[in-house]
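Asker: Position 181 (the sequence shown) corresponds to 191 in the working numbering; numbering is contiguous.
For every residue, glycine included, the Cβ atom is placed at its ideal position computed from N, Cα and C.
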Amino acid sequence: MYHVYYLRRGIMLRQVIDLYEIMDDKNVTGQDVVDVFKNESGDFEYKINRVTTDKGSTDFIYIKIKGRNGKSIGKSAPTLGITGTLGGIGARPKLTGFVSDGDGALTVLAAGLKILRMNKKGDRLDSDVIITTHICPNAPVVDHFPVPFMGSSVDDEDINENCIYEDMDAIISVDTTKGNEIINNNGYAISNTVKEGYILSVSKYLLDIMKRTTGKMPVVFPLAQQDITPYGNRLSHLNSILQPSTVTKAPVLGIAITTELPIAGCATGSTHLFDIEQAARYIVEIAKEFPKNPNLFYDPKEYNIIKRLYGSQRRFQTKGVQIKKKVGLITMGQAARSDITENINDILEPELEVISIGALDGYNYDEVKEKFWPAKGEPFIVTIIGEDKIVKISENSAWKLVQKKIEELEERNIKASMLMCTGKFKDFNKKSMVLQPEKIIRATLDAIGVERIGILVPEEEQIRDSCKQYERYKPIIKSAEPYEDKKFISEKAKEFKSEDVDIILMDCMGYTEDMGNIVEKESGKNVLVPRVLATRLLKTLA
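#1: Three or more beta-carbon pairs under 8 angstroms between the segment 268-288 and the segment 357-369, yes or no?
#2: Between which two residues does the beta strand (DSSP E) harbouring Y198 extend?
#3: Label E287 either buried or exposed according to how many other C-beta atoms from any shown protein chain fall within 10 Å of its C-beta, with 16 as the threshold for buried.
#4: To the nearest angstrom, report how far apart P304 and K381 are at their CA atoms.
#5: Quick check on the burial criterion: 16 or more other C-beta atoms within 10 angstroms. Buried or exposed for Y12?
#6: Could you give the residue range of the beta strand (DSSP E) that holds V164?
#7: Name the DSSP beta bridge partners of E352, please?
#8: Less than 7 angstroms between the C-beta atoms of N439 and G330, yes or no?
#9: Per DSSP, T341 is paired with what?
#10: For M516, which beta-bridge partners are listed by DSSP?
#11: Output needed for E532: all residues of its chain with C-beta closer than 6 angstroms, excluding positions within five of it in sequence on either side, in chain order.
#12: Can you name the start and end residues of the beta strand (DSSP E) that S404 belongs to?
#13: So I391 and M342 are in contact, right, with Cβ under 8 angstroms, and what is the actual spacing, rounded?
#14: Going by beta carbon distance, what residues of the same chain come within less than 6 angstroms of G40, once the five residues before and after it are set aside?
#15: Entirely within the segment 185-224 and at least 3 residues each: give me those beta strand (DSSP E) ranges in chain order.
#16: Could you spell out the range, first to last residue, of the alpha helix (DSSP H) harbouring D53?
#17: Return the chain-ordered ranges of every beta strand (DSSP E) run that is complete within the segment 70-141 and spans a minimum of 3 residues.
#18: Pick out whichever of V467, G372, I394, T328 has its Cα sitting closest to the Cα of L362.
#19: Please name the residue, chosen from A453, V412, V364, V460, that lies closest to A552 on a Cα-to-Cα basis.
#20: Name the residue from C477, Y493, K549, T550 whose alpha carbon lies nearest to the alpha carbon of L515.
#21: Assign G114 to one of two classes, buried (16 or more other C-beta atoms within 10 Å of its C-beta) or exposed (fewer than that).
#22: What three-state label does DSSP hand M178 in the structure shown?
#23: Output the residue ranges of the alpha helix (DSSP H) runs that lie fully inside the segment 25-52 and measure 4 residues or longer, sorted by chain position.
#24: Checking the sheet assignment: what are the DSSP bridge partners for H144?
#25: What number of angstroms, rounded off, separates the C-alpha of G264 from the C-alpha of I181?
#26: What separation, rounded to the nearest whole angstrom, lies between the Cα atoms of I465 and A408?
#27: Tell me which residues share the same chain as N536 and place their Cβ nearer than 6 angstroms to its Cβ, disregarding the 5 neighbours each side in the sequence.
#28: Checking the sheet assignment: what are the DSSP bridge partners for S489?
#29: Are the segment 128-137 and the segment 48-63 touching by the rule of at least three beta carbon pairs closer than 8 angstroms?
#30: Would you mind reading off the limits of the beta strand (DSSP E) that contains T268?
#31: I'd like to check one pair, K81 with D138: are the Cβ atoms closer than 7 angstroms?
#32: If you drop the 5 nearest sequence neighbours on each side, which residues of the same chain put their C-beta closer than 6 angstroms to that of P228?
#33: What are the boundary residues of the beta strand (DSSP E) that includes V444?
#34: Exposed or buried, which one is T106 when buried takes at least 16 other CB atoms within 10 Å?
#35: Should K261 go down as buried or exposed, given a rule of 16 or more other Cβ atoms within 10 Å for buried?
#36: How many Å lie between I354 and R541 at the Cα?
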């Protein structure tokens, strides 16, 4: 009765068994596995990369199954990455047969094969789905407590390079996680979502999918902070299940194939096909839901709040840095705003420690209006303070405020800093290097031979000053606030489509790289985003 019950429920057992029979072979290659997919003649692309080291070799597999609204056909549905994390599927010649460590590879390939067969029958998913793993039938064994682990013929860097891709918008990492005394249930368990060094809340949506696919209460395994750091930092790890999170900005979910008792990764006869089927079916259901629910893996709004409160945690994506150079960021508003540090921390960290300081730190809206507001017709700068209050500072007041902040950074022995403003300032009194984006912009425009420029500024009142500042480039200037709805930026960008300009300058450090991409797409013109340009130069010079 037990087997009849599970055969009825095990709707993906065919995919699991088909692949298991191919993979349980001492001579199996990546091509053998891909051939199973090719026999389905679905809409997918693949590549196989054999990597050889002095410890052996493995075949990395990349399979992209195209969705009906996926990026591969020029549409916008997010791309789901599914990676099988493992050392090897066999430990030959020491042990004969498919080992427990291969369960991750078997699970993701079974899920991929099911999705391909669904497509063939007309049930095509919205998103592109990328499946990655590697096939090594003769990996080494590593001593470990309480049971031995599987080693790998290749380094962790090779695995991440061949399995984790930038176009993955979310990642599921599946790994056999039986060699421990932490998880004690047969089947599978999921992790918290991990993103850029943060262990986030467990997604209620992922728990709901788990309940409906198993018919049981969901199981979540615990994560320690060290579990989401890279191997090689002398810290112990549960296993490699969250290693993908160390090399990506995408949210990562771990799916652990588990047992009640500790089972060695190199154990043969320990692959429970019904457990593999359940985990693979869970993945397929996630793939169906992913393009419909932007909060499926994590809550982006809550993530932005935690980043604003506690800053970047990307140092946990490194092996640890003992001494880092410090660089200063002088914002025109107030420090530690996620909208200001977007793109910037991604470029500078983790190699550099970023010290943010705001020209208006300590001031409230009324004080700014009383002390620094521009007189009518006076050049000014737009920024944000407090809870998204937009303020204006006269350029003369801004110079004095920035000068004070430069001195504060120099007192903290910071040798290089950057002004987060594209406004034109007279020279500062300084002992350290201070990058002024306005000067970098001019040098760049001259270097690429710009004759006519389009410019986007935050406020309509700034058009006159910007026209005067860039007069030699015969500017065409429009205004769109970077701190409001992006649709206004999109609308203004469309107006540039018919204009005869060589490049569009986003003339405010409040404009992000994403906003620049919107302008480029809608206008069809090249775009210069000063916050990205200046930050990359700061990283080079620091």
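Answerer: The answer reads as follows:
#1: Under the Cβ criterion (8 angstroms, minimum of three pairs), the segment 268-288 does not count as touching the segment 357-369.
#2: Against the sequence shown, residue 198 aligns to sequence position 188. Y198 -> beta strand (DSSP E) spans 197-200.
#3: Mapped onto the sequence shown, residue 287 falls at position 277. Buried: at least 16 other Cβ atoms inside 10 Å.
#4: As a first step, residue 304 must be located in the sequence shown, where it is residue number 294. As a first step, residue 381 must be located in the sequence shown, where it is residue number 371. Each residue's CA atom was taken as its position, placing P304 and K381 some 43 angstroms apart.
#5: The count along the sequence shown starts at 1 and reaches residue 12 at position 2. Only weak support exists for where Y12 lies, its pLDDT of 42 falling under 50; the value from the coordinates is given anyway. Exposed, because fewer than 16 other Cβ atoms sit within 10 Å of the Cβ of Y12.
#6: Locating residue 164 in the sequence shown gives position 154, where the first residue counts as 1. No beta strand (DSSP E) holds V164; DSSP gives it neither H nor E.
#7: As a working mapping, residue 352 is identified with position 342 in the sequence shown. The partner list for E352 (beta bridge, DSSP) is empty, contrary to what the question assumes.
#8: Within the sequence shown, the letter at position 429 stands for residue 439. Within the sequence shown, the letter at position 320 stands for residue 330. No, these two residues do not count as a Cβ contact at 7 angstroms.
#9: Counted from its first residue, the sequence shown places residue 341 at position 331. DSSP output for T341 lists G368, M430 as bridge partner(s).
#10: Along the sequence shown, one-based indexing puts residue 516 at 506. Paired residues: L466.
#11: Working through the sequence shown from its first residue, we reach residue 532 at position 522. Closer than 6 angstroms at Cβ, skipping near neighbours: S500, A503, K504.
#12: By 1-based counting over the sequence shown, the position of residue 404 is 394. Taken as a continuous stretch (DSSP letters only), the beta strand (DSSP E) holding S404 covers 399-404.
#13: Working through the sequence shown from its first residue, we reach residue 391 at position 381. Working through the sequence shown from its first residue, we reach residue 342 at position 332. So it is a contact: roughly 5 angstroms between Cβ atoms.
#14: Numbered from 1 along the sequence shown, position 30 holds the residue referred to as residue 40. So the list reads I58, D69, I71, I145, once near-sequence residues are dropped.
#15: Positions of the beta strand (DSSP E) runs, each at least 3 residues long and wholly inside the segment 185-224, are given as 197-200 in order along the chain.
#16: Locating residue 53 in the sequence shown gives position 43, counting from the first residue. Neither: D53 is in no alpha helix (DSSP H) and is coded neither H nor E.
#17: Runs found: 90-95.
#18: Position 352 of the sequence shown, counted from the start, is the residue given in the question as residue 362. Answer by Cα proximity: T328.
#19: The residue you call residue 552 lines up with position 542 of the sequence shown. With distances taken between Cα atoms, A552 lies closest to V364.
#20: Locating residue 515 in the sequence shown gives position 505, where the first residue counts as 1. Ranking the options by Cα distance to L515, first place goes to C477.
#21: Looking up residue 114 in the sequence shown gives position 104. Buried, because 16 or more other Cβ atoms sit within 10 Å of the Cβ of G114.
#22: As a first step, residue 178 is located in the sequence shown; it is residue number 168 there, counting from the start. If DSSP states are grouped into helix, strand and coil, M178 belongs with coil.
#23: 40-48
#24: Counting from one through the sequence shown, the residue named residue 144 turns up at place 134. Bridge partners of H144: F70.
#25: Taking the sequence shown and counting its residues from 1, one reaches residue 264 at position 254. Taking the sequence shown and counting its residues from 1, one reaches residue 181 at position 171. One C-alpha to the other measures close to 9 angstroms.
#26: The sequence position of residue 465 within the sequence shown is 455, counting from 1. The sequence position of residue 408 within the sequence shown is 398, counting from 1. The straight-line gap from Cα to Cα measures roughly 22 angstroms.
#27: The sequence position of residue 536 within the sequence shown is 526, counting from 1. I513, listed in sequence order.
#28: On the sequence shown, residue 489 is found 479 positions in, with the first residue counted as 1. DSSP output for S489 lists V467 as bridge partner(s).
#29: yes
#30: Indexing the sequence shown from 1 puts residue 268 at position 258. Run containing T268: 262-268, per the beta strand (DSSP E) assignment.
#31: Stepping through the sequence shown from its first residue, residue 138 is reached at position 128. Stepping through the sequence shown from its first residue, residue 81 is reached at position 71. It is a contact, given that the beta carbons lie within the stated cut-off.
#32: Reading the sequence shown from its first residue, position 218 is the one you call residue 228. Excluding positions up to five away in sequence, the list reads L217, M220, K221.
#33: As a working note, residue 444 is residue 434 in the sequence shown. Unbroken beta strand (DSSP E) run through V444: 443-445.
#34: Indexing the sequence shown from 1 puts residue 106 at position 96. Result: exposed.
#35: Taking the first residue of the sequence shown as 1, we reach residue 261 at position 251. In the sequence as presented, Lys is not what sits at residue 261; that position holds Pro. Per the 10 Å Cβ criterion, buried.
#36: One-based indexing of the sequence shown puts residue 354 at position 344. One-based indexing of the sequence shown puts residue 541 at position 531. When rounded, the distance between both Cα atoms is 7 angstroms.
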